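S.K.: Have a look at this one.
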Amino acid sequence: MYLEKEAIDFFRRYDLVLPPLARRHGDDPSRILGRNLEFEQYNLYHPGDDIRDIDWKVYGRTDKLFVKNYGSDITTNVRILIDNSESMAYHGKVEIAKKIAAIMAYLLHSRKAGVWVSTVNSEYRDMGRLTLSNLEETLSRIGTSGVTSMDGIPFIRGRIVFLISDLWVHGLDPAFFTERRINLIHILTPEERELSLHGNLEMIDMENGKKLQLIPSTIRDLYRTKLRERTDELRAKLSEAFLLYDLFTTETPYYTALKRYLDRLSAVTSRGKRWRF
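Set out below in structure tokens:
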């Protein structure tokens, strides 16, 4: 299960604040659907809401009452991109990414946000709308394959965009993310962050199969310096563009790292910054 009870309990009293979007002239903020058509989203139940719109299956999983939303109240649209290249299989990074996406979708639904999910490896794939009723099935279909490539990510208009990735890609330029208005959740294992391996090792690239004989201790300091320079540059450049970057590591509960990340999102909002798309 990707939407875990411990994550729901951790965020039970959390008030997610979404930043306002600076819309281009003429943009329609939401597609209003008739009541007899397919619902678009969920909202938390409030006294006075039509009890016929309560989704009892969702209540059984989350212990909270949600009502179906038919589109007119949707305030913000969000797209979550999940890197599902082969390197994300290492120590279950992709599984953690899917759990992050699940609890983000849960929180975003409570704020009347529409949520979509896509995968990114050697190609970009739209997985469609992520709702509380389909997120387990949708996320379970995401496996790992191919190489890490950002080339297929389009300019996504009309949505706040988050990318969850280990960012093992050559020639990474922060401008790629700032131009596309992409917020980053950078996920690494402790071994990847610290190169805390020992001995004379044969390293195998999970994406292209290339092998390298290596004694980690001989390059550990240089590796850590280069990684720190890379993450510092991403954080600085994205911050200048009023975008978010943070490094998550797999030994830390993902929901505690996500709270720190979302607190920064709320801080951006409280300063009155307006996100453009």
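Residue numbers (the numbering used here): 20 to 296.
No residue lacks a Cβ here, since even glycine has one placed at the ideal position from N, Cα and C.
These numbers were taken from a predicted model, which means no experiment stands behind them.
(1) For the stretch 102–186, list the alpha helix (DSSP H) runs that are entirely contained and at least 4 residues long, ordered along the chain.
(2) Which word fits residue 74, buried or exposed, when buried means at least 16 other C-beta atoms lie within 10 angstroms of its C-beta?
(3) To test your reading of the DSSP string, which unbroken alpha helix (DSSP H) runs of 4 or more residues are found completely within the stretch 229–268?
(4) What does a CB cutoff of less than 6 Å around residue 181 pick up in its chain, not counting 5 residues either side in sequence?
(5) Can you confirm whether the stretch 186–198 touches the stretch 124–138 when touching is taken to mean that 3 or more C-beta pairs between the two stretches lie within less than 8 Å?
(6) Whole angstroms is fine: what's the gap from residue 188's alpha carbon to residue 147's?
(7) Secondary structure at residue 98, three-state DSSP: helix, strand or coil?
(8) Measuring CA to CA, which of 128, 113, 21 and 103 is closest to residue 36?
(9) Just verifying my parser: in three-state terms, what is the DSSP assignment at residue 86?
(10) Here's the rule I'm using: 16 or more other beta-carbon atoms within 10 Å means buried, otherwise exposed. How should residue 231 be labelled?
(11) Using the C-alpha atoms, what's the distance from residue 215 back to residue 243?
(12) Between which residues of its own chain and residue 219 is the CB-CB distance below 6 Å, once the five residues before and five after are set aside?
(13) By the DSSP assignment, the beta strand (DSSP E) with residue 206 in it spans what residues?
(14) Measuring only the C-alpha atoms, how far is residue 175 from residue 143?
(15) Residue 96 and residue 132 - do their beta-carbons sit closer together than 8 Å?
(16) Report all residues from its chain with a CB closer than 8 Å to the CB of residue 30; omit the five preceding and five following residues, and keep chain order.
(17) Over the uninterrupted alpha helix (DSSP H) stretch that includes residue 77, give me the two end residues.
(18) Just the Cα atoms here: how many angstroms apart are residue 167 and residue 71?
(19) Have a look at 213, 253 and 101 and flag the residue whose alpha-carbon is nearest the alpha-carbon of residue 164.
(20) How would you label residue 271, buried or exposed, when you count the other beta carbons within 10 angstroms and need 16 or more for buried?
(21) How big is the Cα-Cα spacing for residue 177 and residue 197?
(22) Since I believe residue 77 is in contact with residue 151 (beta carbons under 8 Å), could you give me their beta-carbon distance rounded to a whole number of angstroms?
(23) Residue 267: which of 236, 217 and 184 sits nearest, CA to CA?
(24) Are the Cβ atoms of residue 158 and residue 264 separated by less than 8 Å?
(25) What residues are listed by DSSP as bridge partners for residue 213?
(26) Run through the DSSP bridge pairs and tell me what residue 223 is partnered with.
(27) Exposed or buried, what is residue 241 when buried is set at 16 or more other beta-carbons lying within 10 Å of its beta-carbon?
(28) Apart from the five residues on each side of it in sequence, which residues of its chain come closer than 6 Å, Cβ to Cβ, to residue 276?
(29) Once DSSP output is grouped into helix, strand and coil, what is the label at residue 23?
M.R.: A quick look at the data gives this:
(1) 112–129 and 154–159
(2) buried
(3) 239–259
(4) 99 and 202
(5) no
(6) 25 Å
(7) strand
(8) 128
(9) strand
(10) exposed
(11) 10 Å
(12) 234
(13) 201–207
(14) 12 Å
(15) yes
(16) 122, 125, 126, 274 and 278
(17) 75–81
(18) 45 Å
(19) 101
(20) exposed
(21) 15 Å
(22) 5 Å
(23) 184
(24) no
(25) According to DSSP, residue 213 bridges with nothing at all.
(26) 230
(27) exposed
(28) 267
(29) coil
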